[in-house]
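Accompanying notes for the structure given below.
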Amino acid sequence: MRDHLQWFKCKRHKISCIKVRSLNNNGKLIQLFFKRLLWCLLLILMVLILVASPGIIRASPHDITVYYFVTEECPNCIRVDEYINRIKINYPQVFFKRFSLSGNATNIELFIGLLEEFNVVEELREPPIVFIGDAYLAGEENITQTLEKAILEYINDSEYHDKAGEFIERFMEEHHPTVSPPSVASVVIAAFIDSLNPCAFATIILLLTYSVSTGSPRRMLVNCGAFIIGVLVSYLSAGIGLIYVINIAPFRVLLRYLVGSIAIVFSALEFKEFLFYGKGLSLEQPGALSRIINRYSASMTVGAGFLIGMAVSMVELPCTGGIYITIIYLLAKIGLTLGVFLLLLLYNLIFILPLVIILLLVYFGRSVMEIDAWRIEKRRYMRLLAGILLLTVGIAMIAGLI
Numbered sequence: 429m430r431d432h433l434q435w436f437k438c439k440r441h442k443i444s445c446i447k448v449r450s451l452n453n454n455g456k457l458i459q460l461f462f463k464r465l466l467w468c469l470l471l472i473l474m475v476l477i478l479v480a481s482p483g484i485i486r487a488s489p490h491d492i493t494v495y496y497f498v499t500e501e502c503p504n505c506i507r508v509d510e511y512i513n514r515i516k517i518n519y520p521q522v523f524f525k526r527f528s529l530s531g532n533a534t535n536i537e538l539f540i541g542l543l544e545e546f547n548v549v550e551e552l553r554e555p556p557i558v559f560i561g562d563a564y565l566a567g568e569e570n571i572t573q574t575l576e577k578a579i580l581e582y583i584n585d586s587e588y589h590d591k592a593g594e595f596i597e598r599f600m601e602e603h604h605p606t607v608s609p610p611s612v613a614s615v616v617i618a619a620f621i622d623s624l625n626p627c628a629f630a631t632i633i634l635l636l637t638y639s640v641s642t643g644s645p646r647r648m649l650v651n652c653g654a655f656i657i658g659v660l661v662s663y664l665s666a667g668i669g670l671i672y673v674i675n676i677a678p679f680r681v682l683l684r685y686l687v688g689s690i691a692i693v694f695s696a697l698e699f700k701e702f703l704f705y706g707k708g709l710s711l712e713q714p715g716a717l718s719r720i721i722n723r724y725s726a727s728m729t730v731g732a733g734f735l736i737g738m739a740v741s742m743v744e745l746p747c748t749g750g751i752y753i754t755i756i757y758l759l760a761k762i763g764l765t766l767g768v769f770l771l772l773l774l775y776n777l778i779f780i781l782p783l784v785i786i787l788l789l790v791y792f793g794r795s796v797m798e799i800d801a802w803r804i805e806k807r808r809y810m811r812l813l814a815g816i817l818l819l820t821v822g823i824a825m826i827a828g829l830i
């Protein structure tokens with residue numbers, strides 16, 4: 429009997445040791461995860477500092493830049509637009525900057541200044557016109573026949589002089605000294621406010637509620653982690669796609685007013701949620717979202733978690749996309765460069781960071797109900813922050829300040 433009791437104590441001791449070892453291993457895994465995440469964020473910030481000056485991401489003096497001026501109405505301009513959009517994918521080392529003269533007094537003034545600076549003859553002083561290096565190309569036929577030849581000549585020319593770029597920079601400093609594309613700091617602030625989103629919190633909490641019932645913390649961690657990665661990939665892909673579409677869109681002025689108006693409408697909804705949460709037209713997660721999670725969470729695998737994350741992020745876009753769309757539009761003004769991609773990646777990493785934190789809190793024993801109670805208590809103030817940001821950005825866009 430004594431031997432049997434001793435064996436039982438030893439067995440219990442071994443089980444305790446295994447549990448402690450398992451907890452230690454889990455702790456080391458989480459610590460390693462956070463270290464790698466921190467290093468990734470630091471690496472992205474370092475690269476951003478290298479490719480971005482304070483507030484403005486621009487080409488270096490030795491980068492080839494094509495500046496082209498068009499209107500939204502003339503057929504020749506539309507065809508030149510289409511031609512440049514076709515060829516620019518063949519020259520990733522060349523920057524293409526489009527200036528619309530339709531309803532834009534600043535661009536018209538800049539255009540007139542460049543015509544004088546380059547001594548353009550009177551009969552050629554109408555769009556479309558391209559400025560590259562110290563030369564200009566006027567008219568659809570001239571542009572489509574000689575632009576690529578000019579680009580190749582300047583690529584091989586070590587003495588490239590960006591005469592048009594220098595004039596444009598001086599012009600902008602004199603006329604609009606405060607106007608600039610979004611800085612790293614502004615993207616970080618916008619992403620932080622966007623990450624405090626009750627809809628995103630509600631989604632991960634709903635998924636965790638179902639996942640906890642499976643009884644396997646490790647399975648919950650892996651599957652919900654795959655869900656978060658799916659959200660990241662989905663939003664990042666959508667951002668890249670929208671930047672490309674906006675960059676080639678012919679009606680830039682109308683697009684600016686449209687995005688600015690959308691931002692203001694979203695801000696009104698955010699303020700409504702702050703004052704009267706859940707009443708009337710609401711930004712709360714749609715019922716389809718709950719049905720997707722309810723249907724697939726019980727038998728969720730890593731692959732399914734990833735796909736659910738992608739699907740859910742598209743369904744909840746009306747609730748979470750207001751700030752993101754405005755940032756995408758501002759980034760699209762620069763073009764799809766390495767710096768823009770890294771800013772977009774940084775934005776999305778910050779957006780999913782609270783979801784990662786909530787997942788880890790639940791994994792280490794925090795109650796899902798406790799976290800959801802905190803979300804419900806603070807959600808009105810999250811909406812207020814988002815509303816203030818959206819209203820500010822929307823007004824600034826319509827006024828032409830950004």
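Each residue of the sequence shown is one higher than the last, beginning at 429 in the working numbering. Quick reminder that beta carbons are idealized off the backbone N, C-alpha and C, glycines included. All figures in this text were calculated on a predicted structure; none of them were measured in a lab.
For this session: With a 10 Å radius around its C-beta and 16 neighbouring C-beta atoms as the bar for buried, classify Met810 as buried or exposed.
Result: Within the sequence shown, numbered from 1, the residue matching residue 810 stands at position 382. So Met810 ends up on the buried side.
For this session: Under 8 Å Cβ to Cβ from Val522, same chain only, skipping five residues before and after it: list those, please.
Result: Here residue 522 corresponds to residue number 94 of the sequence shown, with the count starting at 1. Result list for Val522: Asp491, Ile492, Thr493, Val494, Lys516, Ile579, Ile583, in chain order.
Exercise. If you drop the 5 nearest sequence neighbours on each side, which residues of the same chain put their C-beta closer than 6 Å to that of Ala696?
Worked result: Working through the sequence shown from its first residue, we reach residue 696 at position 268. Cβ neighbours of Ala696 beyond the five flanking positions: none.
Exercise. Where does Ser614 fall in DSSP's three states?
Worked result: Taking the first residue of the sequence shown as 1, we reach residue 614 at position 186. Reduced to three states, the DSSP call for Ser614 is helix.
Exercise. DSSP on Val558, reduced to helix/strand/coil?
Worked result: By one-based count along the sequence shown, residue 558 stands at place 130. The answer is strand: DSSP assigns Val558 an E or B state.
Exercise. Of the residues Thr499, Pro645, Thr637, Asn535, which one's Cα is nearest the Cα of Glu597?
Worked result: Counting from 1 along the sequence shown, the entry for residue 597 is found at position 169. Of the candidates Thr499, Pro645, Thr637, Asn535, the one whose C-alpha sits nearest the C-alpha of Glu597 is Asn535.
Exercise. Between Glu569, Val549, Glu550, Ser741, which lies nearest to Pro503 when the distance is taken from Cα to Cα?
Worked result: Here residue 503 corresponds to residue number 75 of the sequence shown, with the count starting at 1. Closest option to Pro503, Cα to Cα, is Glu569.
Problem set entry | Distance, Val730 Cα to Cys438 Cα | Indexing the sequence shown from 1 puts residue 438 at position 10. Indexing the sequence shown from 1 puts residue 730 at position 302. Interpretation of Cys438 is limited by its pLDDT of 49, a score under 50 that renders its predicted location unreliable; no figure is taken from the coordinates.
For this session: In the DSSP assignment, find the unbroken alpha helix (DSSP H) run with Tyr519 in it and report its ends.
Result: Position 91 of the sequence shown, counting from 1, holds the residue named residue 519. Neither: Tyr519 is in no alpha helix (DSSP H) and is coded neither H nor E.
Exercise. Would you call the stretch 789 to 805 and the stretch 630 to 638 in contact, with 3 or more CB pairs under 8 Å?
Worked result: yes
Exercise. Relative to the C-alpha of Ile560, which residue among Glu551, Phe546, Glu550 is closest?
Worked result: If you number the sequence shown from 1, residue 560 lands on position 132. If you compare the alpha carbons of Glu551, Phe546, Glu550 with that of Ile560, the shortest gap goes to Phe546.
Exercise. Hey, Gly763 and Asn651: beta-carbon distance below 8 Å or not?
Worked result: As a first step, residue 763 is located in the sequence shown; it is residue number 335 there, counting from the start. As a first step, residue 651 is located in the sequence shown; it is residue number 223 there, counting from the start. No; because the gap between Cβ atoms is not below 8 Å, this pair is not in contact.
Exercise. By DSSP, does Arg526 sit in helix, in strand, or in coil?
Worked result: As a first step, residue 526 is located in the sequence shown; it is residue number 98 there, counting from the start. Strand.
Problem set entry | Val479 versus Gly737 - alpha carbon distance | By one-based count along the sequence shown, residue 479 stands at place 51. By one-based count along the sequence shown, residue 737 stands at place 309. The predicted model places Val479 with a pLDDT of 43, which falls under 50 and marks its position as unreliable; any figure quoted below should be read in that light. Roughly 31 Å between the two C-alpha positions.
Exercise. For Phe518, does the count of other Cβ atoms within 10 angstroms reach 16, so buried, or fall short, so exposed?
Worked result: Here the question's residue 518 lines up with position 90 in the sequence shown. Per the sequence shown, residue 518 should be read as Asn rather than Phe. Result: exposed.
Exercise. According to the neighbour-count rule (16 or more other Cβ atoms, all chains shown, within 10 Å of its Cβ), is Val821 buried or exposed?
Worked result: Along the sequence shown, read from residue 1 onward, the residue named residue 821 stands at position 393. Its Cβ being crowded by 16 or more others within 10 Å, Val821 is buried.
Problem set entry | Neighbourhood of Leu813 by C-beta distance below 7 Å, restricted to the same chain and skipping five residues each side | The residue labelled residue 813 in the question sits at position 385 within the sequence shown. The residues are Ile621, Leu624.
For this session: Please classify Gly905: is it buried, with 16 or more other beta-carbons within 10 angstroms of its beta-carbon, or exposed?
Result: No statement about residue 905 is possible, as the shown extent of the chain runs from 429 to 830 and does not include it.
For this session: Verify whether the separation of the beta carbon atoms of Ala566 and Leu552 is less than 8 Å.
Result: Residue mapping note: residue 566 aligns to position 138 of the sequence shown, counting from 1. Residue mapping note: residue 552 aligns to position 124 of the sequence shown, counting from 1. In contact: Ala566 and Leu552 (Cβ atoms closer than 8 Å).
Problem set entry | Span separating the alpha-carbon of Met797 from that of Ile786 | Counted from its first residue, the sequence shown places residue 797 at position 369. Counted from its first residue, the sequence shown places residue 786 at position 358. Their Cα atoms are separated by approximately 12 Å.
Exercise. Nearest to Gly838 by alpha carbon, out of Phe694, Met742, Ser741?
Worked result: Since the first residue of the chain shown is 429 and the last is 830, residue 838 is not available in this structure.
Exercise. Name the DSSP beta bridge partners of Leu565, please?
Worked result: Residue numbering aside, residue 565 sits at position 137 when the sequence shown is read from its first letter. DSSP lists Val558 as partners of Leu565.
Problem set entry | Other residues of its chain near Leu735: CB distance less than 8 Å, five sequence neighbours each side excluded | Reading the sequence shown from its first residue, position 307 is the one you call residue 735. Result list for Leu735: Gly658, in chain order.
Exercise. Taking just the CA atoms, how far does Glu601 sit from Leu773?
Worked result: For the purposes of this step, residue 773 is taken as residue 345 along the sequence shown, with counting starting at 1. For the purposes of this step, residue 601 is taken as residue 173 along the sequence shown, with counting starting at 1. Put simply, the backbone Cα of Leu773 is about 30 Å away from that of Glu601.
Problem set entry | chain D contact for Leu552 (CB, 8 Å cutoff) | Among the chains in the structure shown there is no chain D, since it carries only a single protein chain.
For this session: Just tell me which of Ala654, Ile804, Met648 has its CA closest to the CA of Cys627.
Result: As a working note, residue 627 is residue 199 in the sequence shown. Considering only alpha carbons, the answer is Ile804.
For this session: Determine, using beta carbons only, whether Phe539 and Phe599 come nearer to each other than 8 Å.
Result: Sequence index remark: in the sequence shown, residue 539 carries index 111 (1-based). Sequence index remark: in the sequence shown, residue 599 carries index 171 (1-based). Result no, Cβ atoms of Phe539 and Phe599 do not sit closer than 8 Å.
Exercise. Just curious, the alpha helix (DSSP H) that Tyr705 is in, first and last residue?
Worked result: Position 277 of the sequence shown holds residue 705. Note, Tyr705: premise wrong, no alpha helix (DSSP H); not H, not E.
For this session: Assign Thr493 to one of three DSSP states: helix, strand, or coil.
Result: Position 65 of the sequence shown, counted from the first residue, corresponds to residue 493. Reduced to three states, the DSSP call for Thr493 is strand.
Exercise. Can you name, in chain order, every residue of its own chain whose Cβ lies under 7 Å from the Cβ of Asp800, other than the five neighbours on each side?
Worked result: Counting from one through the sequence shown, the residue named residue 800 turns up at place 372. Cβ within range, chain order: Ile633.
Exercise. How should Met825 be labelled, buried or exposed, when 16 other C-beta atoms within 10 angstroms of its C-beta is the threshold for buried?
Worked result: Residue mapping note: residue 825 aligns to position 397 of the sequence shown, counting from 1. So Met825 counts as buried.
Problem set entry | Straight-line gap, Tyr588 to Glu581 (C-alpha atoms, nearest Å) | Here residue 588 is taken as the residue at index 160 of the sequence shown, counted from 1. Here residue 581 is taken as the residue at index 153 of the sequence shown, counted from 1. Cα to Cα, the separation comes out at about 9 Å.
Problem set entry | Ile780 and Leu660 closer than 8 Å at C-beta | Along the sequence shown, read from residue 1 onward, the residue named residue 780 stands at position 352. Along the sequence shown, read from residue 1 onward, the residue named residue 660 stands at position 232. Yes, the Cβ-Cβ distance between Ile780 and Leu660 is below 8 Å.
Exercise. So what does DSSP say about Val790, is it helix, strand or coil?
Worked result: Translated into the one-based positions of the sequence shown, residue 790 becomes position 362. DSSP places Val790 in helix when its eight states are reduced to three.
Problem set entry | Assigned exposure category for Leu542 - 16 Cβ within 10 Å defines buried | On the sequence shown, position 114 is the one that residue 542 refers to. Leu542 comes out buried.
Exercise. From this set, Ile690, Phe595, Phe704, which residue's C-alpha is nearest Thr754's C-alpha?
Worked result: The residue you call residue 754 lines up with position 326 of the sequence shown. When the alpha-carbon of Thr754 is set against those of Ile690, Phe595, Phe704, the nearest one is in Ile690.
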